[in-house]
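The listed protein sequences correspond, in order, to chains V and B. The opening position of the first sequence corresponds to residue 17 in the working numbering, with each subsequent residue numbered one higher. The opening position of the second sequence corresponds to residue 343 in the working numbering, with each subsequent residue numbered one higher.
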Amino acid sequence: MGINWLKYSAPQAFYPLAGKLIPWFSVVAALAVAAGLYIGLLVAPTDFQQGESYRIIFVHVPAAWMSMFLYVVMALWAAFGMGLNARLSFMMAQAIAPTGAMFTFLALLTGAMWGKPTWGAWWVWDARLTSELILLFQYAGVMLLRTSIDDLRRADRASGVFALVGVVNIPIIYFSVKWWNTLHQGASVSMTAAPKMAATMLTAMLLMTFGFWMYSVAVILARSRCVILEREQLLSWNKPASMPDAVEVR
Amino acid sequence: MTRPGMWDALCGVVRRDLLLAMRRRSDAAMPVFFLVIVASLFPLGVGPEPAVLRTIGPGVLWVAALLACLLSLGRVFTADYLDGVLEQMVLIAQPLPVLVVGKVFAHWVIAGVPVVLLSPLLGLQFGLDGEAVAVLALSLLLGTPTLSMIGAIGAALVLGVRGSGLLVALLVLPLYVPVLIFGAGAVASSLAGVGAEANLSLLGACLVLSLFFAPWATAAALRIALE
């Protein structure tokens, strides 16, 4: 409605927009995470089987969801970049990878912290744990491939192809608890059936997920601004404000 | 004058790559020797207990086969990339994925088939019985083409990149995990007496999927590398 969205596919238009949006997303993320932690740690009832240790799922499940979601978003941006030849898309894909890797690591770490009291082991070679570990390797591969190639255009495209190939793993992670009947418990929340947990627990989990999502947006926007500055430092719009006529001087 | 068809192009690529490999037999034989040596190190390192060897055998042999395949990946495209043949392949009027299938098939004949043929001998080293040895050879027969297919994507992505040998391992090994799990699982379930059909079917599914998708991904990666 009157807003030309394509305008913001140009880095010089996107840069100030991202700058304006970051505080909003940050505030929403902080509020949602605070509310989610309050309900999850103080309001939600104690689990009758697992005691208090179950409360780590309020970090674990949202982190695991975000790790898969961000991978798909990263692959989508890379696909957009290759299909539409838009350089901002690749910058977004580049900005997403570290945050996705961080959430994957967080999911594995919190899973280990939960597994020790519940299963009696930090780590088991269960299908879901293994496929999530492979996701971490894939994030590492995407980032390594990008930094190993000096030519920026090729680095973008090559890591994009690798990211797209790795999307195969996402349904494997998601359905692993259904396909292989191993130690990791099945999904407690699904779109089709009533959730198998108390309403307060579900509220806390969804609030945390929303908070993590908004946090990801804020961090990715901030990182994409850095990427833009780094990549476009020779373009005329991207001169320091203190020396507006730097090009003429040189 | 009739233009050569897709099939001629495919056969031509396979024939050329096999011929080149036959001219440098020692190059092609090295990964296979690597496999034999790695597989022989485990009984020395772990100890000659027949029960232990039988348990670790399937996994060790599959990991060794995986590493042997990885070692030979650099040869699929590098030489053609350096002398410009690859550029001509991208330019000719045949679909690039078809040529990729030819190159990958040649790689499998050079690096995969010897592994399949040697596997019964290596299986005996680990005290596997007759049926398990047969399942091992069958699982490798179904699995090694998948390894070549997936590996070609990685090999194309890292063409001409510094440190490409290590990088291709980091990219490709995580993608090899399903094949490793199903392949070693087939032998292990045959040893346990459950029957290997389920795992072998999954290996076949992996092969079909990679045959369908990997040539396109490899062709896209080659075009990116040659831009």
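By construction, the Cβ of each residue, glycine as well, lies at the ideal position given by its N, Cα and C atoms.
List the endpoints of the continuous alpha helix (DSSP H) containing residue 148 (chain V). Counting along the chain, the alpha helix (DSSP H) containing residue 148 (chain V) begins and ends at 143 to 164.
Closest by CA to residue 244 (chain V), which one among V:35, V:20 and V:228? For residue 244 (chain V), the closest alpha carbon among the candidates V:35, V:20 and V:228 is that of V:35.
So with CB distances below 9 Å, who are the chain B contacts of residue 161 (chain V)? 499, 500, 503, 509, 512 and 513, listed in chain order.
For residue 133 (chain V), which residues from the same chain have a beta carbon less than 6 Å from its beta carbon, with the 5 sequence-adjacent residues on both sides left out? Cβ within range, chain order: 69.
If the criterion is Cβ atoms closer than 9 Å, does the pair residue 152 (chain V) and residue 117 (chain V) meet it? Yes, these two residues count as a Cβ contact at 9 Å.
Using 8 Å as the cut-off, can you tell me whether the stretch 502 to 512 of chain B makes contact with the stretch 154 to 163 of chain V, which would need three or more C-beta pairs spanning the two stretches below that distance? Judged by Cβ distances under 8 Å, the stretch 502 to 512 of chain B makes contact with the stretch 154 to 163 of chain V, as three or more pairs qualify.
8 Å contact criterion, which residue 186 (chain V) and residue 87 (chain V) should meet: CB distance rounded: Correct: roughly 6 Å between the Cβ atoms.
With a threshold of 7 Å on Cβ separation, who are the neighbours of residue 386 (chain B) within its own chain once the five nearest residues in sequence on each side are excluded? The beta carbon of residue 386 (chain B) sits closer than 7 Å to no other beta carbon from its chain once the five residues preceding and following it are set aside.
Straight-line CA distance for residue 472 (chain B) to residue 157 (chain V)? The straight-line gap from Cα to Cα measures roughly 40 Å.
Run down chain V in chain order and give the residues with a C-beta less than 7 Å from the C-beta of residue 494 (chain B). Correct list: empty, because the minimum Cβ distance to chain V is about 11 Å.
Unbroken alpha helix (DSSP H) run spanning residue 541 (chain B), endpoints: Residue 541 (chain B) -> alpha helix (DSSP H) spans 539 to 568.
Please confirm whether residue 492 (chain B) and residue 518 (chain B) have their CB atoms less than 9 Å apart. In contact: residue 492 (chain B) and residue 518 (chain B) (Cβ atoms closer than 9 Å).
How about residue 482 (chain B) and residue 546 (chain B): are their beta carbons less than 9 Å apart? Not a contact, by the Cβ cut-off of 9 Å.
Name the DSSP bridge partner or partners of residue 359 (chain B)? DSSP lists no partner for residue 359 (chain B).
So that I know if they touch, is there some Cβ in chain V lying closer than 9 Å to that of residue 391 (chain B)? Residue 391 (chain B) has a beta carbon lying at 9 Å or more from every beta carbon in chain V.
Report buried or exposed for residue 543 (chain B), applying the criterion of at least 16 other Cβ atoms within 10 angstroms of its Cβ. So residue 543 (chain B) ends up on the exposed side.
Kindly provide the ranges of any alpha helix (DSSP H) runs that are 4 or more residues long and lie completely inside the stretch 60 to 138 of chain V, ordered along the chain. Here the runs fully enclosed are 73 to 100 and 103 to 135.
According to a CB-to-CB cut-off of less than 9 Å, which residues of the stretch 110 to 132 of chain V neighbour chain B? Result list empty, no residue passes.
Give me the residue from B:566, B:524, B:452 and B:513 with the minimum Cα distance to residue 289 (chain B). Nothing can be reported for residue 289 (chain B): it is not among the residues displayed for chain B, which extend from 343 to 569.
With a CB to CB cut of under 6 Å and the five nearest residues on each side skipped, what residues in its chain are close to residue 401 (chain B)? Same-chain partners within the cutoff: 526.
Please work out which residues of its chain come closer than 6 Å, Cβ to Cβ, to residue 80 (chain V), disregarding the five sequence neighbours upstream and downstream, and give them in chain order. So the list reads 123, once near-sequence residues are dropped.
Compare the C-beta of residue 429 (chain B) against all C-beta atoms of chain V and say whether one is closer than 9 Å. False, the Cβ-Cβ gap to chain V never drops below 9 Å.
Measure the alpha-carbon distance for residue 370 (chain B) versus residue 362 (chain B) and round it to whole angstroms. Those two C-alpha atoms are separated by around 10 Å.
Along the chain, where does the alpha helix (DSSP H) containing residue 379 (chain B) start, and where does it finish? According to the DSSP assignment, residue 379 (chain B) belongs to the alpha helix (DSSP H) that extends over 367 to 388.
Under the three-state reduction of DSSP, which class applies to residue 169 (chain V): helix, strand or coil? Three-state result, residue 169 (chain V): helix.
Could you list the residues in the stretch 515 to 537 of chain B with a C-beta less than 9 Å from some C-beta on chain V, going in chain order? Result list: 515, 516, 517, 519, 520 and 523.
Using only CA atoms, which one of B:422, B:368, B:448 and B:430 lies nearest to residue 357 (chain B)? Closest by alpha carbon: B:448.
Specify, as a first and last residue, the run of the alpha helix (DSSP H) that residue 458 (chain B) falls within. Unbroken alpha helix (DSSP H) run through residue 458 (chain B): 455 to 467.
Report the rounded CA-to-CA distance for residue 460 (chain B) versus residue 92 (chain V), giving the unit in angstroms. So the alpha carbons of these two residues sit roughly 43 Å apart.
Does DSSP put residue 56 (chain V) in a helix, in a strand, or in coil? Helix at residue 56 (chain V).
Listing by chain order, which chain B residues have their CB less than 7 Å from the CB of residue 164 (chain V)? Residues of chain B passing the Cβ test: 503, 504, 505 and 509.
Is the Cβ-Cβ distance between residue 56 (chain V) and residue 234 (chain V) less than 9 Å? No, they are not a contact pair.
At a Cβ threshold of 9 Å, is residue 243 (chain V) touching chain B? It does not; no Cβ of chain B falls within 9 Å.
In chain order, what residues of the stretch 532 to 566 of chain B put their CB closer than 7 Å to some CB of chain V? The stretch 532 to 566 of chain B vs chain V, Cβ under 7 Å: 559, 562, 563 and 566.
What does a CB cutoff of less than 7 Å around residue 52 (chain V) pick up in its chain, not counting 5 residues either side in sequence? Closer than 7 Å at the Cβ level, and outside the excluded window around residue 52 (chain V), lie 74, 220, 223, 224 and 227.
Simplified DSSP state of residue 426 (chain B), which is helix, strand or coil: Correct three-state label for residue 426 (chain B): coil.
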